[in-house]
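*Asks:* Line by line, the protein sequences are chains A and B. Quick note on numbering: the first sequence equals residues 1 to 326 in the numbering used here. Quick note on numbering: the second sequence equals residues 1001 to 1326 in the numbering used here. Don't be surprised by glycine CBs; every beta carbon is placed ideally from N, CA and C.
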Amino acid sequence: MTRALITGIAGQDGSYLTELLLAKGYDVYGLIEPGAPREVPFVAPSERLHLLEGDLRDLDSIVAALDESRPDELYNLAAISFVGDSWEQAEAITDVNAVGVLRLLEAIRRAGLDVRFCQASSGQMLDTAEAPQRETTCIRPQSPYAAAKAYAYFISVNHRESYGMYVANAILFNHESPRRPPHFVTRKITRAAAQIKLGLAEELRLGNLDAVRDWGFAGDYVEAMWLMLQQERPGDFVLASGEAHTVRDFCAAAFGHLGLDWERYVVVDEQLLRPSEAGVMIGDMSLAREVLGWSPHVAFPQLVQMMVDEDIRILQDEVDAHSERL
Amino acid sequence: MAKRALITGVTGQDGSYLAELLLDKGYEVFGLVRRSSTDPLDRIQHLTSRITLVRGDLSDQASLIDAVAQADPHEVYNLAAQSFVGDSWKEAVYTGDVDALGVTRLLEAIRRVNKDARFYQASSSEMFGKVHEVPQRETTPFHPRSPYGVAKVYAYYITLNYRESFGMHAGNGILFNHESPRRGLEFVTRKITDGVARIKLGLAEELRLGNLDAKRDWGFAGDYVDAMWRMLQQDEPDDYVVASGETHTVREFCEIAFGRADLDWERYVVVDPAFFRPAEVDLLLGDAGKAREKLDWEPKTSFRELVEMMVDADLARVSREIALNA
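Quick look at the structure:
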């Protein structure tokens, strides 16, 4: 039976990947931060799902986790993943997202393990002077988060080239879902739209409405990561929807789905603007389509609707529970 | 009032030349020094009465905040690094912690204490690694081929981030190889000139080297620290390639070095695969056109002069050691 170790298993991508691998019959091991709840949110417990404590800042815990899980495949999804405050947490982000990846690679190499390694790289590290961005686009990170991701990307390539390790970079563009935490702009919008619809809120404060992103569905992207590790040779692949939308587009789609006019509710808050904003992010995933036979199933309107519907359901449940108590 | 400069890596080759240059210009010089059980002050013995040593370590954020507060510098030169590429495979995590993360810690310290201080980051031609064009200039994409190169790429970008996001006067000097009689003995140039002196004076019979065909762009460290200083005197911060613009093989270096001592290099040099790198960089050759134009900088010391200067110094040093032991 194939064994996989997933770091960051408790996150959005970790949960989708866990479901996918369990469905494929894998034994899944997941790394959970010490002190965090021993569960994978949204995923039903399984006797083939094993959770281990560990932290990418702590080499010993990595070695122990590898020793216990003896994985055939390792998906490194652990990261401090919120870009907005990466300016305030530059050191911690670099320690986990950059040097943490190297600790993992070194632990694998030193133990002589034959592991296929998928690194969750980010489209944010690519130079937006070229659009769309592809695997050959220059690296030009514009935030500490993106700089750390660039380090992780290059060190992954380094270990592949220097040691012949099976290391693949998934260069992920934004990927969302109803499981996105609410501090990400997409979920913040869908939740606020639902709250406003149900009379629980009156406005939504956002930063730059013109920011352009390439948004896809996280459930599609974890499938591509799995496909990447089934190839004979490791490679790097851009995973993206190939469509660019502004935050404004996202608002219009989310509020529109509920029959609301977004312009009546969205307020631009200067404090939410980033010190420097990435340019037009749009990914070209032709290589993934050609080599992996992958393309996303969920398009932008369906993604937004899925997220809004889920937020309405969650809030409605809360409202109902509240009124029952009354 | 005298300008104040803080130099990290002051005990290294570049740090010692830069300290001399700044003292000559009337600066008050502070040098960051790690605690160590051995005496690391070899290269700056002659300067210790004229510079202020401050305890601190790039691995320790708090110590950097204290150091910046104590020195209250107008200019900070970050020359500290695990600077030996060969060891960066063996000590990859340490190299990442100091050469990558350490730069973030230092930039954060400056931003918090006094973000008007000007910042120089010692970037490296090793960032070009598997080169995308020859010669390399400021616009050449990076493709690092060692954990050292990867860490330096991160440091380059994080420096750029702090300049763009916080308006700090922070710039990268992309230095190609620069040597001197003060180069550490682990570096190939110094290993050769030390070997020549020992063979010439009867203390050794052969010199074991790695790849003789490796090509580098070698200049004199004393010339290059002048470019660093000039960078921080510009109104606008920017990034500059600092290079000799000539490329030579390790073999050529051997020819001139042994020739200086009237020896035939081919009789003494033994190729030892143990010194080969897991991944070799391609033709590193820098185009310092921008530095020449904007900083009015060019190297004063030719390749032959550099090699002969190093051989002469090692002959003198080894002769002294023999005399002392006699």
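Under a three-way DSSP split, which group does C251 of chain A fall into?
*Replies:* Start at 1 with the first residue of the first sequence, and residue 251 of chain A comes out as number 251. Three-state DSSP puts C251 of chain A in a helix.
*Asks:* In the DSSP assignment, find the alpha helix (DSSP H) that holds F1166 of chain B and state where it starts and stops.
*Replies:* Residue 1166 of chain B sits at position 166 when you count from the first residue of the second sequence. Residues 1147-1166.
*Asks:* Determine whether the Cβ of Q119 of chain A lies closer than 8 angstroms to any Cβ atom of chain B.
*Replies:* Within the first sequence, numbered from 1, the residue matching residue 119 of chain A stands at position 119. No - not a single Cβ of chain B is within 8 angstroms of the one on Q119 of chain A.
*Asks:* Using only the alpha-carbon positions, how far apart do P1181 of chain B and R1260 of chain B sit?
*Replies:* Taking the second sequence and counting its residues from 1, one reaches residue 1181 of chain B at position 181. Taking the second sequence and counting its residues from 1, one reaches residue 1260 of chain B at position 260. One C-alpha to the other measures close to 15 angstroms.
*Asks:* Since L1079 of chain B and A1109 of chain B are thought to touch, with beta carbons under 8 angstroms apart, how far apart are those beta carbons, to the nearest angstrom?
*Replies:* Counting from 1 along the second sequence, the entry for residue 1079 of chain B is found at position 79. Counting from 1 along the second sequence, the entry for residue 1109 of chain B is found at position 109. With 8 angstroms as the limit, L1079 of chain B and A1109 of chain B do not qualify as a contact, their Cβ atoms being about 16 angstroms apart.
*Asks:* Between the C-alpha atoms of G1210 of chain B and Y1268 of chain B, what's the straight-line distance to the nearest angstrom?
*Replies:* Stepping through the second sequence from its first residue, residue 1210 of chain B is reached at position 210. Stepping through the second sequence from its first residue, residue 1268 of chain B is reached at position 268. In a straight line, the C-alpha of G1210 of chain B is about 14 angstroms away from that of Y1268 of chain B.
*Asks:* Would you kindly work out how many angstroms separate the C-alpha atoms of G207 of chain A and V266 of chain A, rounded to a whole number?
*Replies:* Counted from its first residue, the first sequence places residue 207 of chain A at position 207. Counted from its first residue, the first sequence places residue 266 of chain A at position 266. Going from the Cα of G207 of chain A to the Cα of V266 of chain A covers about 10 angstroms.
*Asks:* In the region 1008-1084 of chain B, which residue ranges form an unbroken alpha helix (DSSP H) of at least 4 residues, counting only runs that do not cross its ends?
*Replies:* DSSP runs (the alpha helix (DSSP H)) wholly in the region 1008-1084 of chain B: 1013-1024, 1061-1071.
*Asks:* Would you call the CB atoms of G1031 of chain B and A1002 of chain B closer than 8 angstroms?
*Replies:* Sequence index remark: in the second sequence, residue 1031 of chain B carries index 31 (1-based). Sequence index remark: in the second sequence, residue 1002 of chain B carries index 2 (1-based). Cβ distance not < 8 angstroms, so G1031 of chain B and A1002 of chain B don't count as in contact.
*Asks:* Exposed or buried, R191 of chain A, counting other C-beta atoms within 10 Å across all chains shown (16 or more means buried)?
*Replies:* Along the first sequence, read from residue 1 onward, the residue named residue 191 of chain A stands at position 191. It is buried - the Cβ of R191 of chain A has at least 16 other Cβ atoms within 10 Å.
*Asks:* When you compare each of A:L17, A:F184, A:R109 to S156 of chain A by their alpha carbons, which one comes out closest?
*Replies:* Looking up residue 156 of chain A in the first sequence gives position 156. Per the Cα distances, A:R109.
*Asks:* According to DSSP, which residues form a beta bridge with I171 of chain A?
*Replies:* As a working mapping, residue 171 of chain A is identified with position 171 in the first sequence. Beta-bridge pairing links I171 of chain A to A:S121, A:V238.
*Asks:* Contact check, L1047 of chain B vs A1019 of chain B under 8 angstroms by CB: the rounded distance?
*Replies:* Counting from 1 along the second sequence, the entry for residue 1047 of chain B is found at position 47. Counting from 1 along the second sequence, the entry for residue 1019 of chain B is found at position 19. That pair is a contact at about 5 angstroms.
*Asks:* Please identify the residue among B:P1237, B:Q1045, B:Q1082, B:T1008 whose C-alpha is closest to the C-alpha of A1071 of chain B.
*Replies:* Here residue 1071 of chain B refers to the residue found at position 71 when the second sequence is read from its first residue. The candidate whose alpha carbon is nearest that of A1071 of chain B is B:T1008.
*Asks:* List, from N- to C-terminal side, the alpha helix (DSSP H) runs of 4 residues or more that fit wholly inside the region 1222-1264 of chain B.
*Replies:* List check, alpha helix (DSSP H) in window: 1250-1260.
*Asks:* Report yes if the CB atom of A4 of chain A is closer than 8 angstroms to the CB atom of D72 of chain A, and no otherwise.
*Replies:* Here residue 4 of chain A refers to the residue found at position 4 of the first sequence. Here residue 72 of chain A refers to the residue found at position 72 of the first sequence. Yes, they are a contact pair.
*Asks:* Closer than 7 angstroms, Cβ to Cβ, to anything on chain A: give me those residues from the region 1240-1272 of chain B, in chain order.
*Replies:* Here the close residues number zero.
*Asks:* Does the distance from the C-beta atom of Q1082 of chain B to that of V1098 of chain B stay below 8 angstroms?
*Replies:* The residue labelled residue 1082 of chain B in the question sits at position 82 within the second sequence. The residue labelled residue 1098 of chain B in the question sits at position 98 within the second sequence. A contact, by the Cβ cut-off of 8 angstroms.
*Asks:* Determine the contact status of F998 of chain B and E1255 of chain B, defining contact as a CB-CB distance below 8 angstroms.
*Replies:* This structure leaves residue 998 of chain B out entirely; chain B is present only between 1001 and 1326.
*Asks:* What does W87 of chain A touch in chain B if you count any residue whose Cβ is under 9 angstroms from its own?
*Replies:* What you label residue 87 of chain A is simply residue 87 of the first sequence in a count that begins at 1. Neighbours of W87 of chain A on chain B, chain order: N1161, S1165, F1166.
*Asks:* Apart from the five residues just before and just after D1272 of chain B, which ones in its own chain have a Cβ nearer than 6 angstroms to its Cβ?
*Replies:* Taking the second sequence and counting its residues from 1, the one referred to as residue 1272 of chain B is at position 272. For D1272 of chain B, where only same-chain residues beyond five positions count, the Cβ hits under 6 angstroms are R1208.
*Asks:* Measuring alpha carbon to alpha carbon, tell me which residue in A:L292, A:I93, A:T186 is nearest A254 of chain A.
*Replies:* As a working note, residue 254 of chain A is residue 254 in the first sequence. When each option's Cα is compared against that of A254 of chain A, the closest is A:T186.
*Asks:* How should A111 of chain A be labelled, buried or exposed, when 16 other C-beta atoms within 10 angstroms of its C-beta is the threshold for buried?
*Replies:* On the first sequence, position 111 is the one that residue 111 of chain A refers to. Exposed, because fewer than 16 other Cβ atoms sit within 10 Å of the Cβ of A111 of chain A.
*Asks:* Start and end of the alpha helix (DSSP H) containing R3 of chain A?
*Replies:* By 1-based counting over the first sequence, the position of residue 3 of chain A is 3. First-last for R3 of chain A: 3-7, but that is the beta strand (DSSP E), not the alpha helix (DSSP H).
*Asks:* Counting Cβ pairs, one atom from each stretch, are 3 or more of them under 8 angstroms apart for the region 141-149 of chain A and the region 288-300 of chain A?
*Replies:* Segments in contact, no.
*Asks:* How would you list, in chain order, the residues of chain B whose beta-carbon sits under 7 angstroms from the beta-carbon of Y75 of chain A?
*Replies:* Translated into the one-based positions of the first sequence, residue 75 of chain A becomes position 75. By Cβ distance, chain B contributes nothing, its closest Cβ being about 21 angstroms from Y75 of chain A, past 7 angstroms.
*Asks:* Output yes if chain A places a C-beta closer than 8 angstroms to the C-beta of T1052 of chain B; else output no.
*Replies:* Along the second sequence, read from residue 1 onward, the residue named residue 1052 of chain B stands at position 52. Closer than 8 angstroms: no.
*Asks:* Below 7 angstroms between beta carbons is the criterion; list the residues of the region 1100-1124 of chain B that meet it against any residue of chain A, in chain order.
*Replies:* Listed in sequence order: A1100, L1101, T1104, R1105, E1108.
*Asks:* Could you check the C-alpha separation between L258 of chain A and Q305 of chain A for me, to the nearest Å?
*Replies:* Working through the first sequence from its first residue, we reach residue 258 of chain A at position 258. Working through the first sequence from its first residue, we reach residue 305 of chain A at position 305. Rounded to the nearest angstrom, the two C-alpha atoms are 9 angstroms apart.
*Asks:* Please report the Cβ distance between A149 of chain A and N97 of chain A, rounded to the nearest whole angstrom; I am assuming they are in contact, meaning their Cβ atoms lie under 8 angstroms.
*Replies:* Along the first sequence, read from residue 1 onward, the residue named residue 149 of chain A stands at position 149. Along the first sequence, read from residue 1 onward, the residue named residue 97 of chain A stands at position 97. Contrary to the premise, residue 149 of chain A reads as Lys rather than Ala in this sequence. 6 angstroms between Cβ atoms; contact.
*Asks:* Per DSSP, K1215 of chain B is paired with what?
*Replies:* Along the second sequence, read from residue 1 onward, the residue named residue 1215 of chain B stands at position 215. Answer by DSSP bridge pairing, in chain order: B:T1249.
*Asks:* Starting from P1144 of chain B, find everything on chain A with Cβ-Cβ shorter than 8 angstroms and list it in chain order.
*Replies:* Counting from 1 along the second sequence, the entry for residue 1144 of chain B is found at position 144. Chain A residues near P1144 of chain B: F154, N158.
*Asks:* Would you check if there are 3 or more beta carbon pairs closer than 8 angstroms linking the region 1158-1178 of chain B to the region 1277-1288 of chain B?
*Replies:* Verdict: yes, contact present.
*Asks:* Decide if H245 of chain A is buried, meaning its Cβ has at least 16 other Cβ atoms within 10 Å, or exposed.
*Replies:* Taking the first sequence and counting its residues from 1, the one referred to as residue 245 of chain A is at position 245. Buried, since its Cβ has 16 or more Cβ neighbours within 10 Å.
*Asks:* So, does the CB of D1235 of chain B fall closer than 8 angstroms to a CB anywhere in chain A?
*Replies:* To locate residue 1235 of chain B, count along the second sequence from 1; it is residue 235. Not an interface residue.
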